[in-house]
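In our numbering, the protein residues as written are 2 to 1064. Ideal placement from N, C-alpha and C gives every residue a C-beta, glycine not left out. Quick caveat: nothing in here was measured; it's all calculated off a predicted structure. All remarks here apply to the structure that follows.
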Amino acid sequence: MRLCAAALSFYFLLLVAGAAQAATADRLTEAARVNNRGAAYMNQQLFDRALADFQHAAAMAPALQIAGLNQGVALLNLGKIDAARPLLQDAVKSRADDPHAWYNLGLLYKNSGEDANAIHAFEQVTKIDPGDADTWYFLGSSYLQAKNSPQAVAAFERALGLSPLHASAQFGLARAYQQRKNEADARRHLQRFQYITQHKLGSPISLAYGEQGKYSLAEESPLAPMKVPAGIPVKFVDVTRSAGLTTKAEQAPRKDLAAYLGPGACFLDYDNDGLPDIFLPDNGSQGGMSLYHNAGKGHFDDRSLQSGIDPALHAIGCTAADYDNDGFTDLAISLRGRVLLLHNDRNGTFKDVTASAGIKSDGLNAGVTFIDYDHDGDLDLYISRYSDNASLDPRRRDVGSADAKVGRNLMWRNNGNGTFTEVAHDIAVEGQSPTLNAVGTDWNNDRAIDLALSQANEPLTLIENPREGRWETHNFGSADLGDFASITTLDFNHDGWMDIVSTHWNGAGLALWKNNQGKSYERVSLPSLAWKAGWGVAALDYDNDGWVDLAAVGETQEGKGEVRLLRNLGPDGFKDVTVEIGLDQVHLTSPRALVTADFDNDGDSDLLITQNGGPAVLLRNDGGNQNHWLKLSLKGLADNKSAIGTKVEVFSDGNQQKVEVAGSSGYLGQNSPDFIVGLGHSQQADVVRMLWPTGVLQDEIEVPSNTRQNYTELDRRGSSCPTLFAWDGKRYRFVADMLGAGVVGHWVAPGQRNIPRPTEYIKLPPVPTSEDGRLSFRFMEPLEEAVYLDRVRLIAVDHPAHLEVFPNEYFASNPPFPPFKVVFSDSAQPPAGARDEHGHDLLPALQHHEYVGDFGLLPFAGFAKPHSLELDLGQPYDGGPLWMLAHGEIEYFSASSMYAADQAGLTPTAPYVEALVDGRWIRVLDDLGFPAGGPRTMTADLTGKLPVGTQHIRLSTNLQIYWDSILFTRLAQQQPARITEVPLSQAALAYHGFPRKIENQPPGNVEYVFEQASATGPYTRPAGAYTRYGDVLPLLTSVDDRSAVFGSGDALALEFDSRQLPA
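Here's what the structure looks like:
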C-alpha cells in the first residue's frame, strides 16, 4: 500500500507540474502576442499604445526579455531619453548578443552627445553582424561627432562597401572629408549623395521610426507567430437568374479579335445610393452594353435605356470613376477604333462627352484605367491598346512567336476643365508591346503612382513615375511565362509592399510576384492550375480571415472554362479550395473578366464573371461574413473624389493589411469602389490608416467590426510653415506662422521652381513677458516639413510713443524681395470707401476687422475667380509719402494645385494695383505682394507709384486672399528710432509633438495651442539627416553654411537676454 500511495503521490505531482508548465507556457504565448501587437503599434507610430503593450507583456511574463527591450525602444521614440536609458542598459546585459539592444542604446548615446559610449555600442553590433550597412553608418556618424574623421571615413567606406547606394553614408563621407579639409573628396561624395537621392536610388536615414535601420525596430517574439485563422464553411452560389441579371449573348462565335477578347465588367455606384451597380460592355440585356441598377436585397434592374446607354453597341472593356470631381461616377469604355467617355449627369443618365473632351483612340482598344498620374487631384485616362497582328491572336499563335515590339498605349491627361491632352510619348508610358490591361500601383512606396502592364511578348513590366518628366520602364522575370492577360495588385504577405498577380494566355496560367521592397519582383510558387490560358483575376478575402486570397478564371487544356480560388495560408503559402467552396460546380464557357463586390450588402465579397459569347455569371458568397469584417468607402477632398491611388492600411490585433484603391483591376474591368477588409476574430480594427495621393495621412482609431465606414479625406494641411510662440507669463501664446516665402523647390511652372526668400521679420503683437532676465520663445514645425534655420534675431525698436511701427514685409512672387526697414505710422486712416467687383460696400467690414472675400473659388486649392477690391483714398494723392498697411491672410496654393491649374491654362496672378485716371484703370504696380501666411500686416510702399491726383485704386488677383483691415499713412518715414538687437542666449532643439490645431475662418487662418501636444500626429517625417537634439546655439547666431535642421514635431527653445533691452 505504501508503494501504491507513493506512486499515486508522484503521479499527482506530475499532473500539477504539467498544469503549471502549461499555464506558464500559455502566459508566455499570450505575452508574446501582446508584445507583437505592440510592435505593430510601433509601425503605426502609436508609441504610447505600443509602450502600454510592452509593459503589459513584461508584467505577464518577466521571462520575455524583449518586452523590456521594446519598452526602451518605445520610450526612445517618445523622446523620453532618461526613462529609456536604464531599460536599454539592462537589455544589453541580459541580451548581450542581441544587435537590437546595442543598436538602440547606441542611438540613445549618439542623440545624447555621448560619443564614446555610442561608438562602443555600435562596435558591438558590428561584431554581432558585420554585414549591416546601417550600423557602420551610425558608427561613422558617432566617430564624426567625436571629431575622429579618419575612423569616420573608414566606417562610412565599410557601409558603402556593403550598400553602394547608401545615401547617408555618402553624405557622411562628404562631411568627414570636410572635417579633414579635403574639399575635393567632400564635393565628390556630396554630388554622389545628390545623384542617389534625386534619382531615387536610395533614401537617407531619418529620425523617423522605421527609417533608422532594421535593428532600430521593436522586436517581435517568435513564440507567437501570426497564424491564419482556421477555415470556415463558405460556399459560392450562382444567383444570376434570381438576382435579375438578365443577359443576352450572340451564340455564334465571332471571328473578330476585338469581339473575342471581351467582355470586361465594372462594378460602380452610379447613383450614390451605397450599393454597387453593374456595367457590362457586351452581352448585356439586349446583346450589347448594359447598366444594371442595384435595387437592394440582392436584386438588379436593367436601366440601360433609361440611362442613355446604347444597348446595341458592342464594347470591350470599362473603367468607372469621377473624372470631373462633381461627386458622381462616370464611365470610360473601350471599343475597336474609339473610346467612349460617358459623363454622369447626376440624374441617372449618362452623356457622351468624348468629342468635347478631345479623347481619340483608334486601333484595338482593350483596357482603360483611370489614374491620377500627375497627382493634381483629377483623374487621367490610360488606354491600353492591343494589336490585330495575327501572330498576337491567342487562338492562333504559339509561345514565342515574334512580333514587332511597338508601344502604342495612350495617356490622356485631365486638364481640369473638361478636356484632355494626350501625353504618353512625352512622359514615356506608351509601353513596349501591345497591351491588354494596366493597373496603377505605387510599387516602391514613394507616393507616386506607377503603372503595371500586361503586355504581349514581354516579362512583367512596371513603368515608374518620377512625378515630373519621363517615366522609367522596368522588366522583371522573363517572357517565357506566356503573354500577360490580366494583372492586379495585393499585399499577400503583409509586408507593406504591393505585390502583383497576373494571368497568362499560353504559359503559366496564373503567377504571383513578390515585391522586394521596391527593388524588384520575384515569382512565388502557387498550386498548379494546369491551364492552357488564364483570363480574369481578382484579389479578395473571401472568408474575411484577414489574409487576401486569389480567384481566377481560365481554360483547361481541353478548353473547359473554370473559376478557381486559392486560399492564402500566410507563411504556409496558398491552397486550392475550389472544390470546398463549391466553385467546381460553376460551369463556364470562355470566361473573361472576374470582378468582385459585396452586391448583397451582407459583409462578404461576391464574384461576377463574364463569358465570351455567353451570359454573365453572378456568384453570391454564403458564409464569408462569419468572420469579422469592415466595408470601406472612401471619398477624396483635395484628391480625386473617387480616392483612386489611396493606400489603405488596416491594423487589428497585430495583423497588418494593405490595399490600394485602383482605377481598374484584373481583366478589362474594375472591382467595386467600396471594398471589404477581413478582420478574422478581431472585434475591431485598431487603426484604419489612409495615405491619400497628395500625401495626406489620415488615421481612424478603434473602428468597430461588421460596419460600413464612409471616410472623406481630411481637410488637412500637410505643409504650411513653421510656427512661433511667445511666453506671456502663463503659457506660450501663438504668434504666427513664418517663412512662407522661404519654401525650397516649390513647383511653379513646367521645369521651374520658386526662388525662396530665406528671411522674414514678424512683429510681436503682444509684448513677451520677461522672466529671470529672459524673453522666451518656441519655434517649431507642427506639420510635415523639414526646416533649415540659419539665424534667429530679436530686434527691439525704441520709438516715440505716438508712432506705430511695422517691419517692411510682404510675400513677393519674384525678386527683388523686400529689404529690411522699419515702417512708421501715425494715426493711419482707413479708406473713405471700399467695394468689391460686385459693387458690395466692404468698408464697414474692414473697419470692424471682418474678413472680406465674396469671391468664387476654383477647384484648385488657393485659386479663386478673378476678384478686385476698389479703394477710395479720400484725399487725392499729392505726390508725397503713401504707405498701405493691409492686414489679412492667404489660403496658400500648393504645388499640386499649381500643377493642376497650369494644365487648365490657369496661372497665379499676384495682386496688382491699378489707378483710376481719366475714367480708365491704369496698372501702376505689377506685384503688390500678399500676406505671407496667416493673419499679419503687410506693407506696400505706394510712394511715387500713383499719378498725382489719384483718388481711387484697385487691387486685383486670382489668389485666395482675405483682407480684414486696410489703412493708409502719409507719414514721412524719416523718424527718430533706435534699433537694438537682443542677444540670443540659449537655443535647444528637442522633440515636442504636435500641438492642437484650431481652424478659424476664413480658410488658412490657423493657430495652435503649444501646451496641448500629441506625441504622434497624422504626418510622416521627411526622410533625411536632422540636427541632433540638444544645444544648437552655435548654429543660429550668424548667416553661414551651418543650419539647424529639424522636422515634424520638433521645437526650438529660444531664450533672449532681456537685460539688453533699451531702457
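Thinking C-beta only, is residue j closer than 9 Å to residue i?
i     : j    : result
P769  : A727 : yes
G378  : A901 : yes
N613  : P592 : yes
G863  : D738 : no
A887  : I999 : no
F861  : A833 : no
S814  : S869 : no
P1003 : H800 : no
A185  : L161 : no
V369  : S665 : yes
P264  : P277 : no
A429  : I464 : yes
For the beta strand (DSSP E) containing residue i, name the first residue and the last one.
i     : result
S455  : D451 to Q456
F861  : F861 -> no beta strand (DSSP E), and no H or E assigned at all.
N105  : Unbroken run through N105 is the alpha helix (DSSP H), P100 to N112; no beta strand (DSSP E).
Y1009 : V1007 to S1015
H315  : No beta strand (DSSP E) holds H315; DSSP gives it neither H nor E.
A727  : T724 to W728
R86   : Looking at the DSSP string, R86 is not in any beta strand (DSSP E); the run it does join, the alpha helix (DSSP H), is I82 to S95.
H612  : It is Gln, not His, that sits at residue 612 in the sequence shown. Counting along the chain, the beta strand (DSSP E) containing Q612 begins and ends at D607 to Q612.
H629  : H629 to K636
Would you report the Cα separation of residue i and residue j, rounded to the nearest angstrom?
i     : j     : result
R792  : A846  : 39 Å
Q180  : F821  : 35 Å
L106  : Q90   : 7 Å
R921  : W964  : 25 Å
W444  : M499  : 6 Å
E1056 : V853  : 38 Å
N959  : D837  : 13 Å
K148  : L943  : 54 Å
Y522  : H505  : 17 Å
A1064 : H803  : 18 Å
L165  : V154  : It should be noted that the sequence gives Pro, not Leu, for residue 165. Each residue's alpha carbon lies about 14 Å from the other.
R937  : D928  : 18 Å
S1049 : V580  : 53 Å
P808  : Y762  : 6 Å
L567  : D274  : 32 Å
D1051 : L990  : 7 Å
D640  : T1038 : 42 Å
A1045 : Y789  : 6 Å
L332  : F600  : 19 Å
L14   : D27   : Residue placement at L14 cannot be trusted, given a pLDDT of 31 that sits under 50; what the coordinates show is reported in the next sentence. Roughly 20 Å separates the two Cα atoms.
D484  : G508  : 7 Å
F575  : P528  : 7 Å
K642  : D327  : 8 Å
N44   : R242  : 47 Å
V749  : N466  : 20 Å
A829  : L765  : 19 Å
Give the single residue among the options whose Cα lies nearest to the Cα of residue i.
i    : options                    : result
R189 : F172, L917 and G625        : F172
G245 : D605, I999, R1043 and N295 : N295
N569 : K533, F493 and L635        : F493
L145 : L161, L174, V126 and T908  : L174
P435 : I464, G478 and N390        : N390
A988 : Q848, S777, V918 and P819  : S777
For residue i and chain D, any beta-carbon pair shorter than 9 Å?
i     : result
G1031 : Checking the listed chains, one finds no chain D in this structure; it contains a single protein chain.
Check for me: the alpha helix (DSSP H) holding residue i runs from which residue to which?
i    : result
N71  : Q66 to N78
P151 : S150 to L163
Query raised in the report: Are at least three pairs of beta-carbons, each pair with one atom in the region 354-362 and one in the region 420-427, less than 8 Å apart?
Result: yes
Query raised in the report: Between the region 72-80 and the region 686-705, are three or more C-beta pairs nearer than 8 Å?
Result: no
Query raised in the report: Touch check for the region 905-914 and the region 780-787: three-plus C-beta pairs under 8 Å?
Result: no
Query raised in the report: Taking contact to mean at least 3 C-beta pairs separated by less than 8 Å, is the region 633-652 in contact with the region 318-327?
Result: yes
Query raised in the report: Does the pairing of the region 278-293 with the region 231-240 give three or more beta-carbon distances under 8 Å?
Result: no
**Report entry** Contact between the region 1006-1014 and the region 86-103 (3+ Cβ pairs under 8 Å)
**Finding:** no
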